[in-house]
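Per the numbering used here: the sequence shown ends with 259, consecutive numbering throughout.
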Amino acid sequence: MHRNRRRERRPTRRAPVVRAEQSAAAVEIAGAGVVVVGYFSAKQKDFGALMDAAAVLLAARGARVLARVVQRRGVSNGGAKKMHLPYSSRTVLSRGKVREVAATCEETGADAVVFLIDLTERQHRLLAEDFGRPVWSLTEICPADTGSSIGQGDGRV
């Protein structure tokens with residue numbers, strides 16, 4: 103019989119990609135206007151408090167929070183088993199919400215976008231292209247302060 107060729111392939115070994123704008127230290131955002139974006143499951147009822155806590159952390163770092171955008175994933179969009187997963191493995195958010203965040207950035211003149219969840223390198227790149235400005239995770243900006251009080255997982259699928 104025919105053998106499955108995929109089993110014969112070895113996984114590629116790629117060198118880890120280091121973002122040019124990301125340094126070993128926390129990202130400096132003092133004086134920057136930011137849009138804060140949170141992605142939450144419909145099961146998570148305290149998303150407002152988490153967004154408030156993130157805004158306080160960013161303000162403590164000197165950032166001006168210009169707007170907040172929340173993406174909630176409910177049961178009707180893929181069933182209860184998929185509520186914890188992002189809408190898109192590429193951008194975490196739905197297409198409409200990506201357009202909404204981009205429009206909000208333009209209207210407010212934001213310097214950057216800050217996500218409450220951790221993003222992959224690919225998500226960073228694609229979202230930065232879509233928004234036309236730098237995109238960071240909250241853990242990149244204030245890594246010591248984001249412990250269990252704000253952390254909500256990551257956008258990896």
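Positions of the beta carbon are idealized from the N, C-alpha and C atoms, including for glycine.
CB contact flag (residue i, residue j, <8 Å)
i: Leu228; j: Arg192; result: yes
i: Ala165; j: Thr206; result: no
i: Val137; j: Thr222; result: no
i: Ala134; j: Ala246; result: no
i: Gln225; j: Val200; result: no
i: Val158; j: Val216; result: no
Enclosing alpha helix (DSSP H) for residue i [first to last residue]
i: Leu166; result: The sequence shown places Arg at residue 166, rather than the Leu named in the question. Arg166 -> not in any alpha helix (DSSP H); beta strand (DSSP E) instead, spanning 166-175.
i: Val237; result: Premise fails: Val237 lies in the beta strand (DSSP E), 237-239, not in any alpha helix (DSSP H).
i: Val81; result: The requested residue 81 is not part of the displayed model; the chain covers only 103 to 259.
i: Gln146; result: No alpha helix (DSSP H) contains Gln146, which DSSP labels as neither H nor E.
i: Asp232; result: 223-233
For residue i: DSSP bridge partner residues
i: Ala214; result: Val136
Reference residue i; option with closest CA among the options
i: Arg172; options: Val215, Arg224, Phe142; result: One detail in the question is off: residue 172 reads as Val in this sequence, not Arg. It is Phe142 whose Cα lies nearest to the Cα of Val172.
i: Glu130; options: Val200, Ala156, Leu160, Met153; result: Leu160
i: Glu231; options: Val203, Gly140, Asp220; result: Val203
i: Arg241; options: Arg163, Leu195, Arg235, Ser196; result: For the record, residue 241 in the displayed sequence is Thr; it is not Arg. If we check each option's Cα against that of Thr241, Arg163 comes out closest.
Cβ-based burial, residue i [other Cβ within 10 Å; buried from 16]
i: Gly150; result: exposed
i: Arg175; result: buried
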